[in-house]
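Encoded as structure tokens, the structure appears first; notes follow it.
Protein chains: 2
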Amino acid sequence: MSRRSGILEFAVLGLLRESPMHGYELRKRLNTSLGVFRAFSYGTLYPCLKALVANGWLVEETSGAPEDVPATTLTGRRAKIVYRLTPAGKEHFEELLSHSGPDAWEDEHFGVRFAFFGQTSRDVRMRVLEGRRSRLEERLEKMRTSLTRTRERLDDYTLELQRHGMESVEREVRWLNELIESERAGRDQRAPEAAAQDEHNQSGDTGGPPRHRGGSRLDPSE
Amino acid sequence: MSRRSGILEFAVLGLLRESPMHGYELRKRLNTSLGVFRAFSYGTLYPCLKALVANGWLVEETSGAPEDVPATTLTGRRAKIVYRLTPAGKEHFEELLSHSGPDAWEDEHFGVRFAFFGQTSRDVRMRVLEGRRSRLEERLEKMRTSLTRTRERLDDYTLELQRHGMESVEREVRWLNELIESERAGRDQRAPEAAAQDEHNQSGDTGGPPRHRGGSRLDPSE
DNA sequence: TTCGTCATGTAATGGGTTACATGATTAC
DNA sequence: GTAATCATGTAACCCATTACATGACGAA
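Chains as they are written, first to last, in full-length UniProt numbering: chain Z, 1 to 222; chain S, 1 to 222.
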């Protein structure tokens with residue numbers, strides 16, 4: 001049971017690890033901080049929270065009324081329900097963080113995984129980045145061959161769409177290349193200690209993300 | 001009834017307009033020509049085809065056995081089922097093509113709409129392109145403000161993710177700008193006849209897509 | 001006092017996948 | 001003769017949305 005979505009569960013646990021929140025706020029964070037990718041509705045979020053509570057990964061805390069009001073009482077005054085990560089929940093999240101299987105670099109998952117790279121160990125980060133890159137590269141390969149095979153049968157618009165799509169993927173590959181490179185550089189210069197560890201090292205924090213992307217192009221001009 | 005998906009229905013009708021096909025082939029075209037965006041499974045495609053037949057927009061033709069074998073007979077020899085667009089289906093597709101409402105430029109729909117721009121009238125093309133552009137621009141606006149509001153609370157990775165996401169959107173906007181520009185140029189130089197027409201002009205074909213993107217960057221090097 | 005936003009939920013529905021079941025045709 | 005791919009379908013499930021219902025709180 002509780003084969004709940006994965007991605008939402010992951011994101012919720014990750015956000016709650018930073019600080020307790022109630023559902024409404026959680027949803028906003030989901031759609032801004034991590035957002036761009038996915039906008040979850042309450043109809044998804046609240047049932048998910050319930051399930052996480054049922055699993056013992058979260059606890060509900062009713063702010064305001066300290067003890068005796070059950071919070072879920074119908075018709076009684078409704079209180080905000082603040083969700084807090086339990087130790088078991090934290091453990092579970094770290095367990096999830098340590099996985100780097102194929103599903104970690106598929107389209108839907110990759111973004112969220114990346115968003116929590118700050119909490120992820122360096123070697124898992126590397127595996128996920130490289131996994132995604134090779135995923136994209138094989139996709140590129142497929143696009144290229146299918147493009148040359150069907151070349152003449154497609155009109156200009158379809159062709160242009162194809163071209164733009166390929167360029168987008170190529171662009172993401174370049175992005176990944178830069179990230180991987182700076183991850184590699186970061187490891188070399190700062191951490192030979194955590195090198196050959198394979199068991200999930202819970203307590204030890206990652207040590208802070210490397211300052212990747214030397215020549216940042218964030219400048220808000222344009 | 002038949003509030004089937006929209007996007008699949010649209011793509012199927014569009015592909016079958018070019019030439020009759022059976023389901024299997026249809027699906028491959030869906031995932032290559034138009035693909036990149038969406039991969040439909042048979043569990044989606046075949047029921048959809050049945051529904052389109054029920055609507056009178058397609059007819060099934062059994063290749064091989066000309067007349068008396070019902071094709072859907074169980075245990076009988078199974079024949080390929082070729083689907084062909086009916087006149088009603090063609091009419092319906094053109095009706096769909098002429099719509100340029102907000103759902104035409106949302107993420108899921110835009111790609112498919114664009115793929116059939118070859119069959120779309122120039123003014124609808126313009127509306128869709130401009131609609132998408134302003135959609136993306138308002139999204140950019142939201143991202144920018146949410147970025148400056150929460151700036152310091154985000155770690156490097158989240159920030160980088162955000163930055164890359166914004167850059168992707170900006171890139172698509174630039175792409176749209178080019179397309180819109182060349183559409184505009186194309187209209188000026190070739191067709192003052194179809195200018196101020198607002199009713200959907202069914203019969204009249206578009207007259208062929210303009211050779212947009214003068215300096216093509218398709219070169220397969222790199 | 002009303003409007004907007006905060007806040008929590010549920011039931012119906014939608015749109016799609018996975019896994020399964022079946023069989024024909026082609027290439028080796 | 002057997003493996004791969006072509007080819008068609010169904011049932012069970014999954015994830016999420018929509019629309020709805022409820023209500024608190026602050027500002028105009």
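Beta carbons: idealized from backbone N, C-alpha and C, even for Gly.
Is residue i helix, strand or coil by DSSP?
i	result
L16 (chain S)	helix
G159 (chain Z)	With the sequence shown as reference, residue 159 (chain Z) is identified as Leu, and Gly is not the correct amino acid for it. Looking at L159 (chain Z) - three-state DSSP - the assignment turns out to be helix.
T120 (chain Z)	coil
V69 (chain S)	Caution is warranted here: a pLDDT of 40 is assigned to V69 (chain S), below 50, making its placement in the model unreliable, and the coordinate value is therefore given only provisionally. The answer is coil: DSSP assigns V69 (chain S) none of H, G, I, E or B.
H22 (chain Z)	strand
P192 (chain S)	Below a pLDDT of 50, predicted positions are generally treated as unreliable, and P192 (chain S), at 37, falls in that range; no measurement from the model is reported.
L85 (chain Z)	strand
R150 (chain S)	Before going on, a small fix: residue 150 (chain S) reads as Thr here, not Arg. Three-state result, T150 (chain S): helix.
A170 (chain S)	Reading off the sequence, residue 170 (chain S) comes out as Glu, not Ala. Helix, per DSSP.
L34 (chain S)	coil
E137 (chain Z)	helix
E178 (chain Z)	helix
E61 (chain Z)	strand
E106 (chain S)	coil
A79 (chain Z)	coil
H99 (chain S)	coil
A39 (chain S)	coil
G111 (chain S)	helix
G6 (chain Z)	coil
G131 (chain S)	helix
G56 (chain S)	coil
Buried or exposed: where does residue i fall if 16 or more other Cβ atoms within 10 Å of its Cβ makes it buried?
i	result
Y83 (chain S)	buried
Y24 (chain Z)	exposed
G131 (chain S)	buried
E141 (chain S)	exposed
E183 (chain Z)	buried
T144 (chain S)	This sequence places Arg at residue 144 (chain S); Thr is not what is there. Exposed, because fewer than 16 other Cβ atoms sit within 10 Å of the Cβ of R144 (chain S).
E108 (chain Z)	exposed
T148 (chain S)	exposed
R122 (chain Z)	buried
E199 (chain S)	Because E199 (chain S) carries a pLDDT of 41, less than 50, the predicted location of this residue cannot be relied on, and no value is offered for it.
A39 (chain S)	exposed
E160 (chain S)	buried
S19 (chain S)	exposed
For residue i versus residue j, is the C-beta distance shorter than 8 Å?
i	j	result
A51 (chain S)	L30 (chain S)	no
G118 (chain S)	Y157 (chain Z)	yes
residue 228 (chain S)	L8 (chain S)	Since the first residue shown for chain S is 1 and the last is 222, residue 228 (chain S) is missing from the structure and cannot be characterised.
L49 (chain Z)	V112 (chain Z)	no
T86 (chain S)	S146 (chain Z)	no
S168 (chain Z)	R127 (chain Z)	no
L129 (chain Z)	L179 (chain Z)	yes
L13 (chain Z)	M21 (chain Z)	no
R135 (chain S)	W105 (chain S)	yes
R139 (chain Z)	L176 (chain Z)	no
T62 (chain Z)	A88 (chain Z)	no
Q: Could you name the residues of the stretch 159-188 of chain S whose beta carbon sits closer than 9 Å to any beta carbon of chain Z, in the order they occur along the chain?
A: Contact annotation: in the stretch 159-188 of chain S, residues whose CB is within less than 9 Å of a CB in chain Z are L159, E160, L161, Q162, R163, H164, G165, M166, E167, S168, V169, E170, R171, E172, W175 and L179.
(Q) Does the stretch 86-93 of chain S come into contact with the stretch 42-61 of chain S, if we say contact requires no fewer than three beta-carbon pairs (one atom in each stretch) closer than 8 Å? (A) Yes: the two stretches touch, three or more of their Cβ pairs being nearer than 8 Å.
Q.
Counting only Cβ-Cβ distances shorter than 8 Å, please list the residues of the stretch 99-115 of chain Z near chain S, keeping chain order.
A. Listed in sequence order: G111, F114 and A115.
**Q.** Sufficient close CB pairs (3 or more, under 8 Å) joining the stretch 164-184 of chain Z to the stretch 158-175 of chain S
**A.** Yes, the stretch 164-184 of chain Z is in contact with the stretch 158-175 of chain S.
**Q.** Interfacial residues, the stretch 14-26 of chain Z to chain S, with Cβ spacing under 8 Å
**A.** Residues: none.
Q | chain Z contacts made by the stretch 116-131 of chain S, where a contact means CB separation under 7 Å | A | Listed in sequence order: F117 and G118.
(Q) Residues of the stretch 134-146 of chain Z in Cβ contact with chain S at a cutoff of 9 Å, in chain order, please. (A) Identification of residues in the stretch 134-146 of chain Z having a C-beta nearer than 9 Å to some C-beta of chain S yields R139, K142, M143, R144 and S146, given in sequence order.
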